[in-house]
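Just so we're aligned: the sequence shown equals residues 31 to 180 in my numbering.
To start, the structure itself, in structure tokens.
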Amino acid sequence: ALATYSTAGYLQTRPSGNAATLLMARFVNNTGTNATVVRISYDYTTNRAGLVAEEVRGQRVYYSLQGTANSWSNIAALSQTAQGRLSVDLALPELWMNGSTLYLLWADDNGSGTPDDANNIDNFYLAVISGGALPASCTLTAPAHAGGAR
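What follows is the structure, encoded as structure tokens:
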């Protein structure tokens, strides 16, 4: 019931036999700037199991800039059941600082009956589309203060 990689090139969640399958991705901002908006998109397909009663169809997707408890926010545009190309320009509530991490988490709960729905993620894309300036700092090294008038 772990998330699995298919040699056809997609990731799949299918939580049969456990309460849920969680798939987490970690991205490091190495763009040279602080990010304010990131674009996330991927192809989502599902193989609906005919005899399964899902409380929550599909996957729920969350993000966090800390990765700690109580820091996760739902991404509504990606948390749905419609198949197709899912995409969102995610405006971050705080800067994704250059050199720091952004976490994405896909949660797929187990339905009653087996086998569970198979939910596939393919052609994943993430990019910074809007950045904030890096914190500016300046140190005067020359000329040295020689006293007198300023």
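Just so you know, even glycine gets a beta-carbon here, dropped at the ideal spot from N, CA and C.
Straight-line Cα distance separating residue j from residue i
{"i": "residue 48", "j": "residue 140", "result": "7 Å"}
{"i": "residue 160", "j": "residue 75", "result": "29 Å"}
{"i": "residue 89", "j": "residue 123", "result": "23 Å"}
{"i": "residue 52", "j": "residue 73", "result": "18 Å"}
{"i": "residue 136", "j": "residue 39", "result": "18 Å"}
{"i": "residue 156", "j": "residue 100", "result": "24 Å"}
{"i": "residue 95", "j": "residue 105", "result": "13 Å"}
{"i": "residue 154", "j": "residue 162", "result": "24 Å"}
{"i": "residue 93", "j": "residue 132", "result": "7 Å"}
Top-ranked residue by Cα proximity to residue i, from the options
{"i": "residue 41", "options": "150, 155 and 104", "result": "150"}
{"i": "residue 158", "options": "113, 71, 102 and 111", "result": "71"}
{"i": "residue 111", "options": "148, 36, 96 and 37", "result": "148"}
{"i": "residue 8", "options": "68, 36, 67 and 152", "result": "The chain is shown from 31 up to 180; residue 8 falls before or after that span and cannot be answered."}
Limits of the beta strand (DSSP E) - the one that residue i falls within
{"i": "residue 162", "result": "148 to 162"}
{"i": "residue 122", "result": "114 to 126"}
{"i": "residue 42", "result": "41 to 43"}
{"i": "residue 101", "result": "No beta strand (DSSP E) contains residue 101, which DSSP labels as neither H nor E."}
{"i": "residue 65", "result": "64 to 77"}
{"i": "residue 51", "result": "50 to 58"}
{"i": "residue 94", "result": "90 to 94"}
{"i": "residue 111", "result": "Careful: residue 111 lies outside any beta strand (DSSP E) and carries neither H nor E."}
{"i": "residue 132", "result": "131 to 139"}
Practice task
Could you tell me whether the stretch 47 to 63 touches the stretch 121 to 135, where touching means 3 or more Cβ pairs closer than 8 Å?
Solution key: yes
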